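Report on the following structure.
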Amino acid sequence: MRTRFGENTFGNCVTLTIDGQETFALMYEKFFQAKTSILIANYELDPRLRFIRGDSQSSSLINNNLARSSSGSTSEPENIKLSHQNYTASPLQDLLFEKTKQGVEVKIIVWQPKLIIRLLPTAHKRGLSGRVGELEPLERLVQHSKITKNLMVRVDNTAPTFTSGHHEKFIVIDNKIGFCGGLDLSHGKWDTNSHDFDNPLRDQNAEPWHDVHAMVEGPVVTDLIYHFMQRWTYSITKDIDQAKRIKIEPSFENQNSTGDTEVIALRTWKQLNNKGDDNDGSNILSWYAAMFRKAKYSIYIENQFAFQSELITQLLVKRLQEEQNLKVIVVSPMEPNLPGFISGFVSKESINHVNRNLERLRKAGGSRVNTYCLIIQHNAANEKRKQIYIHAKVMIVDDKWITIGSANMDNDGFKNSTEVDLGITSPVLAQQLRVKLWREHLTEQADSSNLSVDLNSFDEGFSAWKTLASDNGTRILRGERILGQIYYYNFEEMKCPPPYASARGGNKFKLF
24 MRTRFGENTF
34 GNCVTLTIDG
44 QETFALMYEK
54 FFQAKTSILI
64 ANYELDPRLR
74 FIRGDSQSSS
84 LINNNLARSS
94 SGSTSEPENI
104 KLSHQNYTAS
114 PLQDLLFEKT
124 KQGVEVKIIV
134 WQPKLIIRLL
144 PTAHKRGLSG
154 RVGELEPLER
164 LVQHSKITKN
174 LMVRVDNTAP
184 TFTSGHHEKF
194 IVIDNKIGFC
204 GGLDLSHGKW
214 DTNSHDFDNP
224 LRDQNAEPWH
234 DVHAMVEGPV
244 VTDLIYHFMQ
254 RWTYSITKDI
264 DQAKRIKIEP
274 SFENQNSTGD
284 TEVIALRTWK
294 QLNNKGDDND
304 GSNILSWYAA
314 MFRKAKYSIY
324 IENQFAFQSE
334 LITQLLVKRL
344 QEEQNLKVIV
354 VSPMEPNLPG
364 FISGFVSKES
374 INHVNRNLER
384 LRKAGGSRVN
394 TYCLIIQHNA
404 ANEKRKQIYI
414 HAKVMIVDDK
424 WITIGSANMD
434 NDGFKNSTEV
444 DLGITSPVLA
454 QQLRVKLWRE
464 HLTEQADSSN
474 LSVDLNSFDE
484 GFSAWKTLAS
494 DNGTRILRGE
504 RILGQIYYYN
514 FEEMKCPPPY
524 ASARGGNKFK
534 LF
């Protein structure tokens, strides 16, 4: 019987997906196949979400991409094939209603910010973006749950601080399959690997969106169930001690694991931390600290708010001084855009703090540390460019350890919000994921055939990133098409032109 969260588990099967098209296609398949239960804990949830978009050609692309995904174990990836080839999928709410009619128990916990936050001037832009628009259909779903057998919805607006919330993004299906990563079931998150400048299949007013997610099967799913049950109890009772007393009955244990991957579930939960719990290896901040202390050769990070944490910055500065061969790549959005507060003093100072810490890392590591963003260019107009929004929360250390989940590298992700991450130990999966991400960013349409570098080598790829970012600066000056998606986050420091007029990057925000 499980009485605590976050034990090292072995024998897991892991599938890693990149961006919404791949991830939502796989989610849809598993939702469709659900027999007994669906548990959803999300920061945002839009019942109108369509998982699958496009024609039959899109289904072939999805299958090919998933077949290339890091999958299963340290053996060769299995050839994943989705069984639904007519990709005209029902909205999320219709799929859930249908499953409840089949006897599947559906439980949903979704965070809803307080009204004052939702009505701030830029709440429509991102993060809290769309929450006002999602509120009405979400309320209808809540009302439906009162009369629909097997459907239970908890809307939780409690939060320890003004900027924090219940930020987890995980799903458990039939107590056997778990999803965990950066993607909510919400507006604006669906996009393809190519992140086209304009894509009519994206949601209205949605920008190019980059994210990473994981599907797990095996013993670690028990931890996701355990956390969900604790959160469910707390959302009702607001009693953290009662939530702590939750135990997983043997019937929930996932006995039939066929993989061979080591995974630990990680979390941030301020109420538990305040009680002195979850401060061991299952704490997300502790895991990041341990990874930085272990790093010898390479760290690759994609994060929406990288290095706002002073502690994490200090640890990596120290490690860069200790390990002279350690190289670091950090990929962040050109404009991090704290949701709902972007025009406010608090968010501007927060972003300035991130930029100061990234500058500290570059000074500590010199040419061994580079910071980048991702941009996309219009197919027909070289002068039209915009950012690809980096929403991923993934770190790969020494091509051995992967961190993936909902936590940003900021104070909310490490201290104040409720978060769930996975810590994966697998040299094969780590390298596969890094190479797949680099293929997407370095080349056109995720096609590496035009690359003359071996992406399996971190050192060769590290040089390729720097070369391409510099070349793209020259191309922008000349009014030419850029190659790939890579550009310097600190473009001004690197003496490169802004990729588009409003680009901020590493430049300081004026507070007043």
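Each residue of the sequence shown is one higher than the one before, counting from 24 in my numbering. Yeah, the Cβ is synthetic: ideal placement off N, Cα and C, and Gly gets one too. In this text, all values refer to a predicted model and were calculated from it rather than measured experimentally.
CB of residue i within 8 Å of CB of residue j, strictly
i: Gly-43; j: Lys-212; result: yes
i: Met-238; j: Thr-426; result: no
i: Asp-234; j: Tyr-66; result: no
i: Ile-269; j: Gly-436; result: no
i: Ile-287; j: Ser-258; result: no
i: Phe-315; j: Arg-342; result: yes
i: Ile-447; j: Thr-284; result: yes
i: Gly-204; j: His-236; result: yes
i: Arg-527; j: Gln-400; result: no
i: Ser-440; j: His-190; result: yes
i: Ile-41; j: Lys-459; result: yes
i: Ala-48; j: Phe-74; result: yes
i: Leu-456; j: Thr-466; result: no
i: Ser-187; j: Leu-68; result: no
Inter-residue Cα distance where the pair is residue i and residue j
i: Ile-322; j: Lys-350; result: 6 Å
i: Glu-358; j: Gln-327; result: 9 Å
i: Cys-36; j: Ala-329; result: 28 Å
i: Leu-445; j: Asn-513; result: 30 Å
i: Glu-345; j: Asp-421; result: 15 Å
i: Arg-501; j: Trp-232; result: 27 Å
i: Pro-546; j: Ile-271; result: Any question about residue 546 goes unanswered here, given that the chain covers just 24 to 535.
i: Glu-515; j: Gly-496; result: 11 Å
i: Gly-34; j: Gln-347; result: 35 Å
i: Asn-380; j: Arg-27; result: 35 Å
i: Lys-489; j: Asn-216; result: 21 Å
Which listed residue (the options) has its alpha carbon closest to that of residue i
i: Val-127; options: Pro-114, Gln-347 and Ser-60; result: Ser-60
i: Pro-183; options: Leu-500, Leu-474, Ile-259 and Trp-292; result: Trp-292
i: Val-165; options: Asn-198, Arg-225 and Lys-130; result: Lys-130
i: Ile-419; options: Thr-215, Tyr-412, Gln-265 and Val-353; result: Val-353
i: Glu-442; options: Leu-68, Lys-416 and Val-451; result: Lys-416
i: Asp-219; options: Gly-507, Tyr-523, Pro-520 and Lys-518; result: Gly-507
i: Ile-63; options: Ala-57, Ser-209, Glu-30 and Val-133; result: Val-133
i: Leu-384; options: His-250, Gln-331 and Phe-120; result: Gln-331
i: Pro-356; options: Gly-201, Tyr-412 and Phe-193; result: Tyr-412
i: Ala-524; options: Ala-403, Ile-398 and Asn-434; result: Ile-398
i: Ile-335; options: Ile-41, Asp-433 and Cys-519; result: Asp-433
i: Glu-121; options: Leu-68, Tyr-51, His-189 and Gly-77; result: Tyr-51
i: Asp-494; options: Pro-522, Lys-58, Val-340 and Phe-193; result: Pro-522
i: Glu-45; options: Val-458, Gly-29 and Arg-76; result: Arg-76
i: Asp-221; options: Arg-408, Thr-32 and Gly-496; result: Arg-408
i: Cys-396; options: Gly-389, Ala-430 and Ala-492; result: Ala-492
i: Asn-393; options: Val-476, His-414, Asn-378 and Asp-69; result: Asn-378
i: Lys-386; options: Val-340, Ala-403, His-376 and Gly-428; result: Val-340
i: Glu-463; options: Ile-499, His-414 and Ile-509; result: Ile-509
i: Ala-312; options: Glu-333, Gln-294, Leu-338 and Lys-319; result: Leu-338
Cutoff 7 Å; reference residue i; Cβ partners in own chain excluding five residues on either side
i: Trp-461; result: Leu-478 and Gly-484
i: Ser-168; result: Leu-174, Met-175 and Val-176
i: Trp-255; result: Lys-130, Ile-132 and Arg-177
i: Lys-53; result: Ile-196 and Ile-200
Under the three-state DSSP convention, the category residue i falls into
i: Tyr-323; result: strand
i: Met-517; result: coil
i: Gln-410; result: strand
i: Leu-478; result: coil
i: Ala-90; result: Confidence at Ala-90 is low in this model, with a pLDDT of 49, below 50, so its placement is unreliable and the value that follows should be read with caution. Here Ala-90 sits in helix by DSSP.
i: Ile-170; result: coil
i: Thr-145; result: Any reading at Thr-145 must be qualified, since the residue scores a pLDDT of 44, below 50, and its modelled position is unreliable; the value itself is stated next. Thr-145: coil per DSSP, three-state reduction.
i: Arg-76; result: coil
i: Ile-271; result: strand
i: Ala-524; result: coil
i: Met-50; result: helix
i: Asn-198; result: coil
i: Val-127; result: coil
i: Gly-436; result: helix
i: Lys-416; result: strand
i: Leu-151; result: Reliability of the predicted coordinates at Leu-151 is poor, the pLDDT of 39 falling under 50, and the value obtained from them is presented with this limitation in mind. It is coil, neither helix nor strand.
Residues of its chain near residue i, where Cβ-Cβ distance is below 6 Å and the 5 sequence neighbours each way are ignored
i: Gln-135; result: Val-178 and Asn-180
i: Gly-201; result: Val-195, Val-239, Val-244 and Leu-247
i: Lys-267; result: none
i: Glu-99; result: Because the pLDDT of Glu-99 is 42, which lies under 50, any placement of that residue in the model is unreliable, and the question is left without a value.
i: Arg-71; result: Pro-114 and Pro-160
i: Ile-324; result: Val-353 and Met-418
i: Trp-310; result: Leu-289 and Gly-446
i: Phe-481; result: Ser-321
Spatial neighbours of residue i in its chain, beta-carbon cut-off 8 Å, leaving aside the 5 residues before and after
i: Pro-223; result: none
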